[in-house]
Structure formats: structure tokens, C-alpha cells
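S.K.: Got a structure for you, written out below as C-alpha cells; questions coming shortly.
Numbering (full-length UniProt numbering), first residue to last: 1 to 33.
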């Protein structure tokens, strides 16, 4: 749900969320091994 008036903010938020998910998945895979 991005607003066309603030595409930069939306992009930053998306990147941040993806980064957080990536870290969480890495933690899960690390603990599973």
C-alpha cells in the first residue's frame, strides 16, 4: 500500500521489512541446524 506522494519512504520501508524478514529466516535456519 504505497502512496504515490512518498515513493521513497515506501521503498525504504519495503527494504527494511525485507531485511528484517531475511534476518529472522537466517536466525531460524541457523537454530534448526
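Ideal Cβ positions, reconstructed from N, Cα and C, are used throughout, including at glycine.
Which residues in the same chain as residue 31 place their Cβ atom closer than 8 Å to its Cβ, once the five residues preceding and following it in sequence are excluded?
M.R.: Excluding sequence neighbours, residue 31 sits near nothing in its chain.
S.K.: Considering residue 28, what are the terminal residues of the alpha helix (DSSP H) in which it resides?
M.R.: First-last of the alpha helix (DSSP H) with residue 28: 7–32.
S.K.: Taking only the alpha-carbon atoms, compute the straight-line gap between residue 18 and residue 27 and give it to the nearest angstrom.
M.R.: The alpha-carbon atoms of residue 18 and residue 27 are separated by roughly 14 Å.
S.K.: Cα separation between residue 12 and residue 22?
M.R.: When rounded, the distance between both Cα atoms is 15 Å.
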